[in-house]
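Asker: So that we are looking at the same thing, I have put the structure below in structure tokens.
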Amino acid sequence: MTPLVTDFSVPGLALGHCSLGDTGVTAIVSTDGAGALGAVDVRGGGPGTRETDLLDPHNSVERVHAVVLSGGSAFGLAAADGAMRELESRGIGFPVFGEGNPGPRVPIVPAAVIFDLIVGDPNHRPGAEDGAAAIRAAFDGTAGDRSGTVGAGCGALAGALRGGFGRAQTTVKSADGQIEYIVAAAVVANPLGSPIDSATGRFYGDPTRPPVDTQAFSQLERPTPKLNTTIGVVATTCPLPTAQLERLAMTGHDGLARAVRPAHSPLDGDTLFCLSTAQETPATTDPELFYALCDASARCVEAAIVDAVASAESGYGVTAWSDILAPNPLS
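For the working numbering, add 823 to where a residue sits in the sequence shown, where the first one is 1.
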């Protein structure tokens, strides 16, 4: 596995944000009209999701045209309506009357939301128009290389700190060493648990980063009520059957558990989707390659959560990690 980088550049997928100050929407869109193979794993006790049952490997539909990540709690699921309409207007989706025949198309757009109503205006929630805007941003290529307070991460919290949107990417070589497969994660970090070890002031997920001032950190008060969720997408260029994509999403949650303590609480709705942009679907995958892909999934999610919190900006009365760094951190 190559070293992790802060990126989400997966051929066949495009990333778009609609940032609304105290909330927002992030869309991961398949640029191939046929869609990407998809799966999901939900581990939190309070999820807010749409079209996740569809992605069970036992069910009929395997490919999705976009995944929407949104703020706004359950209200934010409306963003997926706008995403669907925008995709249909571009001729993307399953043709109701068959390919080549006129008629409606039905885009498959699973979605998940975070609870961010305690940041900013609780009545300000993403709607259908914001989901459509995130899809347009993905196709226009205007998302840029931003992490932190952007898109669905605008209203995120991470314990008592500001959360946000984060990215991480690596590559894994095929068994014969001839192909490098991309594995990447795009995560909205909004956990109830803390990404910071209160004893050391350092990130659980990356202790090499500078520590925060532990005294200042201990005095932070987290807004209430304590309702949260971390959501995201793991993506790969490796061809995998849907059952193994689901396993890749599962191991992505290991990265969440390494970066946040506690994770998967009854008050979180932790949900990770997994997408493969490969068009072929093999019956099996080399076990050693699949092991490496699972390892990469966990590492990417872990690093993306750290990136989200480290890149976030303070606002709405919530302190950012960068605001309370220790003045003279010891190595």
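A virtual CB, placed ideally from N, CA and C, is assigned to each residue, including glycine.
For a quick check, are the C-beta atoms of Gly839 and Ala961 less than 9 Å apart?
Answerer: The sequence position of residue 839 within the sequence shown is 16, counting from 1. The sequence position of residue 961 within the sequence shown is 138, counting from 1. For Gly839 and Ala961, yes; Cβs fall inside 9 Å.
Asker: Where Ala1066 and Pro880 are concerned, what is the direct C-alpha to C-alpha distance, given to the nearest angstrom?
Answerer: As a first step, residue 1066 must be located in the sequence shown, where it is residue number 243. As a first step, residue 880 must be located in the sequence shown, where it is residue number 57. Those two C-alpha atoms are separated by around 6 Å.
Asker: Within the same chain, show all residues whose beta-carbon is closer than 8 Å to that of Leu1148, passing over the 5 residues directly before and after it, in chain order.
Answerer: Sequence index remark: in the sequence shown, residue 1148 carries index 325 (1-based). Counting only Cβ-Cβ distances below 8 Å, and skipping sequence neighbours, we find Pro1033, Pro1034, Val1035 and Asp1036.
Asker: Give me the Cα-Cα distance between Gln1102 and Gly858, rounded to the nearest whole angstrom.
Answerer: On the sequence shown, position 279 is the one that residue 1102 refers to. On the sequence shown, position 35 is the one that residue 858 refers to. Taking the straight line from one Cα to the other gives about 9 Å.
Asker: Should the region 949–963 be regarded as contacting the region 1110–1121, the criterion being three or more beta carbon pairs within less than 8 Å?
Answerer: Of all C-beta pairs linking the region 949–963 to the region 1110–1121, fewer than three are shorter than 8 Å, placing the two stretches out of contact.
Asker: How long is the line joining the alpha carbons of Ala1163 and Ser912, rounded to whole angstroms?
Answerer: Not covered by the structure: residue 1163. The range shown for the chain is 824 to 1154.
Asker: Classify Asp864: buried if its beta carbon has 16 or more other beta carbons within 10 angstroms, exposed otherwise.
Answerer: Translated into positions along the sequence shown, residue 864 becomes position 41. With 16 or more other Cβ atoms within 10 Å, it is buried.
Asker: Could you give the distance in angstroms between the alpha-carbon of Thr1059 and the alpha-carbon of Tyr1004?
Answerer: Here residue 1059 refers to the residue found at position 236 when the sequence shown is read from its first residue. Here residue 1004 refers to the residue found at position 181 when the sequence shown is read from its first residue. The alpha-carbon atoms of Thr1059 and Tyr1004 are separated by roughly 7 Å.
Asker: Rounded to a whole number of angstroms, what is the C-alpha to C-alpha distance between Leu892 and Gly1055?
Answerer: Taking the sequence shown and counting its residues from 1, the one referred to as residue 892 is at position 69. Taking the sequence shown and counting its residues from 1, the one referred to as residue 1055 is at position 232. Computed Cα separation, rounded: 7 Å.
Asker: Taking all protein chains shown into account, decide if Tyr1114 is buried (16 or more other Cβ within 10 angstroms of its Cβ) or exposed.
Answerer: For the purposes of this step, residue 1114 is taken as residue 291 along the sequence shown, with counting starting at 1. That one is exposed.
Asker: What ranges does the alpha helix (DSSP H) occupy inside the region 1011–1043, keeping only unbroken runs of at least 4 residues that lie completely in it?
Answerer: 1037–1041
Asker: Check whether the Cβ atoms of Ile1019 and Gly982 sit closer than 9 Å, and answer yes or no.
Answerer: Taking the sequence shown and counting its residues from 1, the one referred to as residue 1019 is at position 196. Taking the sequence shown and counting its residues from 1, the one referred to as residue 982 is at position 159. The Cβ atoms of Ile1019 and Gly982 lie closer than 9 Å to each other.
Asker: Just to confirm, are Ala1126 and Ala991 a CB contact at a threshold of 9 Å?
Answerer: By 1-based counting over the sequence shown, the position of residue 1126 is 303. By 1-based counting over the sequence shown, the position of residue 991 is 168. For Ala1126 and Ala991, yes; Cβs fall inside 9 Å.
Asker: Taking the alpha-carbon positions, what's the Gly914 to Ser1145 distance?
Answerer: The count along the sequence shown starts at 1 and reaches residue 914 at position 91. The count along the sequence shown starts at 1 and reaches residue 1145 at position 322. Going by the C-alpha atoms only, they are around 44 Å apart.
Asker: Could you name the residues of the same chain whose beta carbon sits closer than 6 Å to that of Gly1092, not counting the 5 residues immediately before and after it, in chain order?
Answerer: Reading the sequence shown from its first residue, position 269 is the one you call residue 1092. Cβ within range, chain order: Gly867, Gly869, Pro870, Gly871 and Thr1052.
Asker: When burial is assigned at 16 or more other CB atoms within 10 Å of the CB, is Ile937 buried or exposed?
Answerer: Here residue 937 is taken as the residue at index 114 of the sequence shown, counted from 1. Per the 10 Å Cβ criterion, buried.
Asker: Do the CB positions of Leu1095 and Ala1080 come within less than 9 Å of each other?
Answerer: Looking up residue 1095 in the sequence shown gives position 272. Looking up residue 1080 in the sequence shown gives position 257. No, these two residues do not count as a Cβ contact at 9 Å.
Asker: What separation, rounded to the nearest whole angstrom, lies between the Cα atoms of Ser842 and Asp999?
Answerer: By one-based count along the sequence shown, residue 842 stands at place 19. By one-based count along the sequence shown, residue 999 stands at place 176. In a straight line, the C-alpha of Ser842 is about 43 Å away from that of Asp999.
Asker: Measuring CB to CB, does Gly974 end up less than 9 Å from Thr849?
Answerer: What you label residue 974 is simply residue 151 of the sequence shown in a count that begins at 1. What you label residue 849 is simply residue 26 of the sequence shown in a count that begins at 1. Yes, these two residues count as a Cβ contact at 9 Å.
Asker: DSSP three-state label for Ser1137, please.
Answerer: Within the sequence shown, the letter at position 314 stands for residue 1137. DSSP places Ser1137 in coil when its eight states are reduced to three.
Asker: Can you give the beta carbon distance from Asp1118 to Thr829, rounded, assuming they're within the 8 Å contact cut?
Answerer: What you label residue 1118 is simply residue 295 of the sequence shown in a count that begins at 1. What you label residue 829 is simply residue 6 of the sequence shown in a count that begins at 1. That pair is no contact at about 19 Å.
Asker: Can you say whether Val919 is buried or exposed, counting buried as having 16 or more other CB atoms within 10 angstroms of its CB?
Answerer: By one-based count along the sequence shown, residue 919 stands at place 96. The residue is exposed, with fewer than 16 neighbouring Cβ atoms inside 10 Å.
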